[in-house]
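A.B. asks:
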Amino acid sequence: MSVLIGRDTRLAIQGITGREGTFHGTAMLEYGTAVVAGSTPGKGGQRALDGRVPVFDTVADAVRETGANTSCIFVPAAGAPDAVMEAVDAGIATIFCITEGIPALDMIPVVEAVRAAGSRLIGPNCPGATSPGKAKVGIIPGSIHREGRVGVVSRSGTLTYEAVQAMSDAGIGQSTCVGIGGDPIIGTTFVDMLQLFADDPETDAIVLIGEIGGAAEEQAAAWVAEHLRDRPMAAFIAGRTAPEGKRMGHAGAIISGGSGTAGSKVAALEAAGIRVASSPTELPAILRGAGLRG
Amino acid sequence: MKIQEADAKSLLVAQGLPVPAWEVARTPQEARAAAERIFATGADSVVIKALVLVGGRGKAGGVKLAADADHAERTADLILGMDIKGITVRKVLVAAAADIIKEYYLAAVLDRDARRILLMGSSEGGVEIEHVAATNPDAIVTLRAHPYLGLLEHQARSFAFRMGLSEHWREAAAIAKGLVATMRAHDADLVEINPLGIVRERGQGGETTDRLVCLDAKITLDDSALGRHPGHEALRDLDEDDPTDRQARQADISFIKLDGTIGCMVNGAGLAMTTMDLVKRAGGEPANFLDIGGGARADKVATAMRLILSDSKVSAILVNIFGGITRGDEVARGLIEARRVQSRDVPMVVRIVGTNAEDAGRLLQEANFETAGSLDEAADKAVAASRGGAT
Numbered sequence: 001m002s003v004l005i006g007r008d009t010r011l012a013i014q015g016i017t018g019r020e021g022t023f024h025g026t027a028m029l030e031y032g033t034a035v036v037a038g039s040t041p042g043k044g045g046q047r048a049l050d051g052r053v054p055v056f057d058t059v060a061d062a063v064r065e066t067g068a069n070t071s072c073i074f075v076p077a078a079g080a081p082d083a084v085m086e087a088v089d090a091g092i093a094t095i096f097c098i099t100e101g102i103p104a105l106d107m108i109p110v111v112e113a114v115r116a117a118g119s120r121l122i123g124p125n126c127p128g129a130t131s132p133g134k135a136k137v138g139i140i141p142g143s144i145h146r147e148g149r150v151g152v153v154s155r156s157g158t159l160t161y162e163a164v165q166a167m168s169d170a171g172i173g174q175s176t177c178v179g180i181g182g183d184p185i186i187g188t189t190f191v192d193m194l195q196l197f198a199d200d201p202e203t204d205a206i207v208l209i210g211e212i213g214g215a216a217e218e219q220a221a222a223w224v225a226e227h228l229r230d231r232p233m234a235a236f237i238a239g240r241t242a243p244e245g246k247r248m249g250h251a252g253a254i255i256s257g258g259s260g261t262a263g264s265k266v267a268a269l270e271a272a273g274i275r276v277a278s279s280p281t282e283l284p285a286i287l288r289g290a291g292l293r294g
Numbered sequence: 001m002k003i004q005e006a007d008a009k010s011l012l013v014a015q016g017l018p019v020p021a022w023e024v025a026r027t028p029q030e031a032r033a034a035a036e037r038i039f040a041t042g043a044d045s046v047v048i049k050a051l052v053l054v055g056g057r058g059k060a061g062g063v064k065l066a067a068d069a070d071h072a073e074r075t076a077d078l079i080l081g082m083d084i085k086g087i088t089v090r091k092v093l094v095a096a097a098a099d100i101i102k103e104y105y106l107a108a109v110l111d112r113d114a115r116r117i118l119l120m121g122s123s124e125g126g127v128e129i130e131h132v133a134a135t136n137p138d139a140i141v142t143l144r145a146h147p148y149l150g151l152l153e154h155q156a157r158s159f160a161f162r163m164g165l166s167e168h169w170r171e172a173a174a175i176a177k178g179l180v181a182t183m184r185a186h187d188a189d190l191v192e193i194n195p196l197g198i199v200r201e202r203g204q205g206g207e208t209t210d211r212l213v214c215l216d217a218k219i220t221l222d223d224s225a226l227g228r229h230p231g232h233e234a235l236r237d238l239d240e241d242d243p244t245d246r247q248a249r250q251a252d253i254s255f256i257k258l259d260g261t262i263g264c265m266v267n268g269a270g271l272a273m274t275t276m277d278l279v280k281r282a283g284g285e286p287a288n289f290l291d292i293g294g295g296a297r298a299d300k301v302a303t304a305m306r307l308i309l310s311d312s313k314v315s316a317i318l319v320n321i322f323g324g325i326t327r328g329d330e331v332a333r334g335l336i337e338a339r340r341v342q343s344r345d346v347p348m349v350v351r352i353v354g355t356n357a358e359d360a361g362r363l364l365q366e367a368n369f370e371t372a373g374s375l376d377e378a379a380d381k382a383v384a385a386s387r388g389g390a391t
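For the protein sequence lines, the chains are A and B, in the order given. Using our numbering, you'd call the opening residue of the first sequence number 1 and step up by one each time. Using our numbering, you'd call the opening residue of the second sequence number 1 and step up by one each time.
#1: Would you kindly work out how many angstroms separate the C-alpha atoms of residue 27/A and residue 97/A, rounded to a whole number?
#2: Is it the case that the Cβ atoms of residue 213/B and residue 346/B are separated by a distance below 8 Å?
#3: My output table needs one value for residue 192/B: the three-state DSSP class, helix, strand or coil.
#4: Among the residues of its own chain, which have a CB less than 6 Å from the CB of residue 175/A, if the five just before and after it don't count?
#5: Decide if residue 165/B is buried, meaning its Cβ has at least 16 other Cβ atoms within 10 Å, or exposed.
#6: Report all residues from its chain with a CB closer than 6 Å to the CB of residue 292/A; omit the five preceding and five following residues, and keep chain order.
#7: Below 7 Å on C-beta distance, what does residue 205/B contact in chain A?
#8: Given that residue 85/A touches chain B, what residues does it touch there, using C-beta distances under 8 Å?
#9: Ends of the alpha helix (DSSP H) at residue 92/A?
#10: Going along chain B in order, which residues have a C-beta closer than 9 Å to the C-beta of residue 77/A?
#11: Taking the continuous alpha helix (DSSP H) assigned at residue 273/B, which residues delimit it?
#12: So with CB distances below 7 Å, who are the chain A contacts of residue 184/B?
#13: Since residue 140/A and residue 72/A are thought to touch, with beta carbons under 8 Å apart, how far apart are those beta carbons, to the nearest angstrom?
#14: Using the C-alpha atoms, what's the distance from residue 101/B back to residue 296/A?
#15: Under 7 Å Cβ to Cβ from residue 283/A, same chain only, skipping five residues before and after it: list those, please.
#16: Could you tell me if residue 116/A is buried or exposed, where buried requires 16 or more neighbouring beta carbons within 10 angstroms of its beta carbon?
#17: Since residue 284/B contacts residue 267/B with CB under 8 Å, what's their CB separation in whole angstroms?
#18: Please list the residues of the segment 88 to 102 of chain B that have a C-beta atom closer than 7 Å to any C-beta atom in chain A, keeping them in chain order.
#19: Taking the continuous alpha helix (DSSP H) assigned at residue 392/B, which residues delimit it?
#20: If I'm right that residue 36/A touches residue 10/A with Cβ under 8 Å, what's the distance once you round it to whole angstroms?
#21: Is the distance from the Cβ of residue 125/A to the Cβ of residue 183/A below 8 Å?
#22: Could I get the ranges of all uninterrupted beta strand (DSSP E) runs contained in the segment 74 to 120 of chain B, with 3 residues as the minimum, in chain order?
#23: What do you get for residue 59/B, buried or exposed, if any count of 16 or more other CB atoms within 10 angstroms of its CB means buried?
#24: Give the straight-line distance between the Cα atoms of residue 212/A and residue 129/B, rounded to the nearest whole angstrom.
#25: Name the DSSP beta bridge partners of residue 354/B, please?
#26: If you measure between the beta carbons of residue 330/B and residue 297/B, is that distance less than 8 Å?
#27: Would residue 159/A pass as an interface residue toward chain B - the criterion being a Cβ-Cβ separation below 8 Å?
#28: Could you tell me the alpha carbon to alpha carbon distance between residue 268/A and residue 218/A, rounded to whole angstroms?
#29: As a quick exercise: from 232/B, 40/B, 337/B, pick the residue whose alpha carbon is nearest that of residue 96/B.
#30: According to a CB-to-CB cut-off of less than 7 Å, which residues of the segment 272 to 285 of chain B neighbour chain A?
#31: Give a yes or no on whether the minimum CB-CB distance between residue 155/A and chain B is below 8 Å.
#32: In its own chain, which residues sit with a C-beta less than 6 Å from the C-beta of residue 241/B, not counting the 5 before and 5 after it?
#33: Do you know how far the Cα of residue 302/B is from the Cα of residue 335/B?
#34: Determine, for residue 402/B, whether the minimum Cβ-Cβ distance to residues of chain A falls below 8 Å.
#35: Mind checking whether residue 287/A and residue 172/A have CB atoms under 8 Å apart?
#36: Using 8 Å as the limit for Cβ to Cβ distance, is residue 148/B near chain A?
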């Protein structure tokens, strides 16, 4: 088993005929993901990804014809909130929104509607997820992974690749690796992911990669202290040198009014018994020190 | 994007919020003329405030009262040109000094955890809300707006009463609704009034009326929404816009100048922050945050290099690329081209892994670049290079 995605994932790509949809869609297929459909309004009936995937006008058509249960959104920011709603209305259970640059206030009603419908949204502004050896959804390079039993959850993209590569190089494989997104308003939080990993019999240990801004890491630490003391964990927090009041690339990565600092997050995680690496390369040793075997 | 107090007040006025009249002056003479007009309306004194996009203006001496037009001119002369947290004051706001009975704090912000707009208020106005949160958290009143409908009438009313504004509840509820409306109309991350004040106004016959008004305004706009608000670009303060900020924006590069000596070029925001942190851990100081974004091509790399080198303090450059969508060989070509045309020779340490990293390594080796395998090694080498040591 893995979380979010696995062998039973049947993926529809929203925006499959665009440049990003085509490039990453091809990489997902080659990784072995069951990409069963794509949608682009007006291009229903065509085939995408070298003729390997049928294109539908709507997500509802894709679900009806192919049984898609997961979607991955590469639609530009102006149309992305609507794309999430289209997936929700078509009954998609797990929705990954890769799109960056969606105005934060647009996501407030969308996240609420996703929740009310009982679906799950990951992102926006996220790299997606990989369950090594089973499926990959999004833009994480498949080559960095190794099959294994460590769950990875992160707010970042390339920083996650760095950490995962360090783990794979050290012989530590992953059960599922997910980027939850760098925006202030996102569908799935650290705590949501920790709950999924906690319930997954194939996840023995967890790596949490956070960054400055907000209080999601502090909440994750509090949740771990209460519910997850027995699982080996390691963490990394980016932005120890970030100045106050400046948005560090990600819309959500900002220290304001003295809150959201790396120091506060590191202190909260360590108080919960989670060791925080000072470089991603230290993560494998910390995991082993915390009791991970292998 | 932060906007100046005067522009923030204009946005509030457009939503029907009560804001006492103000003028903006760029010279002592303009300030004098503005003060004369305000005194003509019956004001006893005027307040002159530095217009800069940093907090703590009052403490820095950037907010002063003046009792007559001469005094206003001298005061403006003092404030204009003043340095507040590294920013030169180029304009001031002039308004009638209010007779303040009591000050409150009121703000609409994004609540990330609840995924709602959060209304936050306190009867301890005029001080930073962080200070109140630390010393007297019970004085802070909060309320979350409806995710679909915004702030409802009954929510605004109950908020006014909880703020202790029973005598002014209609005004307070209207202002609370106005803040959330301003936030939604302009895609703001923050709309803050500090202080919101009960002010005493005297009529012609000497009778007094107490009114609730917005005495200050701070608004931060969501950068992701600038595209759908064509008017917002005009609110960008070009006085405080560094030329490098402008170049970075035009090239779609995320760039923040810092005080150190080691320039950083990275793909991805989280990795860019991590690279800065590792420079610091290795004993150096990062000169900047720079994220060239996903899929960056050679020309973008050259622009990024120019941005880094425009800072004369930079004595070494660390390039860290984890290729996913970004192709390592493209970045390597961009670096080689950038170094060929750059005006200043600064030691550079390059680490490229991921997509097409082997091609990149060969290109860099042929061009005699210093390379590194791991991120830790790259940071150590860059710090050594910045000190003029062998790498």
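Built from N, CA and C at the ideal position, the CB exists for glycine as well. Please read all numbers here as calculations on a predicted model, not as lab measurements.
C.D. replies: Inspection of the coordinates gives the following:
#1: Roughly 17 Å between the two C-alpha positions.
#2: Cβ atoms of residue 213/B and residue 346/B: not closer than 8 Å.
#3: Three-state result, residue 192/B: strand.
#4: Spatial neighbours of residue 175/A in its own chain (CB-CB distance under 6 Å, excluding positions within 5 residues in sequence) are listed in chain order as 2, 149, 151, 202, 203.
#5: Counting of Cβ neighbours within 10 angstroms places residue 165/B among the buried residues, the total reaching 16 or more.
#6: Beyond the five residues adjoining it in sequence on each side, residue 292/A comes within less than 6 Å, by CB distance, of 205, 232 in the same chain, given in chain order.
#7: In chain A, no part has a C-beta under 7 Å from the C-beta of residue 205/B; the shortest such distance is about 45 Å.
#8: The contacting residues do not exist; residue 85/A stays about 12 Å from chain B at best.
#9: No alpha helix (DSSP H) holds residue 92/A; DSSP gives it neither H nor E.
#10: Result: 224, 227.
#11: Looking at the DSSP string, the run of the alpha helix (DSSP H) that includes residue 273/B is 269 to 281.
#12: Neighbours of residue 184/B on chain A, chain order: 105.
#13: Contact flag wrong, Cβ pair sits at about 12 Å.
#14: Past the edges of chain A, shown from 1 to 294, lies residue 296/A, and the structure says nothing about it.
#15: Within the same chain, and ignoring the five residues on either side of residue 283/A in sequence, the residues whose Cβ sits closer than 7 Å to its Cβ are 163, 166, 167, 207, 234, 236, 277.
#16: The residue is exposed, with fewer than 16 neighbouring Cβ atoms inside 10 Å.
#17: Not really, about 20 Å apart at Cβ, beyond 8 Å.
#18: Answer set for the segment 88 to 102 of chain B: empty.
#19: Because chain B spans 1 through 391 in this model, residue 392/B falls outside it and cannot be assessed.
#20: With a Cβ gap of about 5 Å, residue 36/A and residue 10/A count as contacting.
#21: For the 8 Å CB-CB criterion, residue 125/A and residue 183/A form a contact.
#22: Taking only runs of at least 3 residues, the beta strand (DSSP E) segments lying wholly in the segment 74 to 120 of chain B are 92 to 96, 100 to 111.
#23: Counting Cβ neighbours within 10 Å, residue 59/B comes out exposed, since fewer than 16 surround it.
#24: Spanning the two alpha carbons is a distance of roughly 20 Å.
#25: Paired residues: 323/B.
#26: In this structure, residue 297/B lies closer than 8 Å to residue 330/B by Cβ.
#27: Taking CB atoms only, residue 159/A has a neighbour in chain B less than 8 Å away.
#28: In this structure, the CA atom of residue 268/A is about 6 Å from the CA atom of residue 218/A.
#29: For residue 96/B, the nearest C-alpha among the options comes from 40/B.
#30: Taking 7 Å as the Cβ-Cβ cut-off against chain A, the residues of the segment 272 to 285 of chain B that qualify are 272, 273, 274, 276, 277, 278, 280, 281.
#31: Closer than 8 Å: yes.
#32: Answer for residue 241/B: no residue qualifies.
#33: Approximately 7 Å, taken between the alpha carbons.
#34: Outside the shown range of chain B (1 to 391) lies residue 402/B, about which nothing can therefore be said.
#35: For residue 287/A and residue 172/A, yes; Cβs fall inside 8 Å.
#36: Closer than 8 Å: yes.
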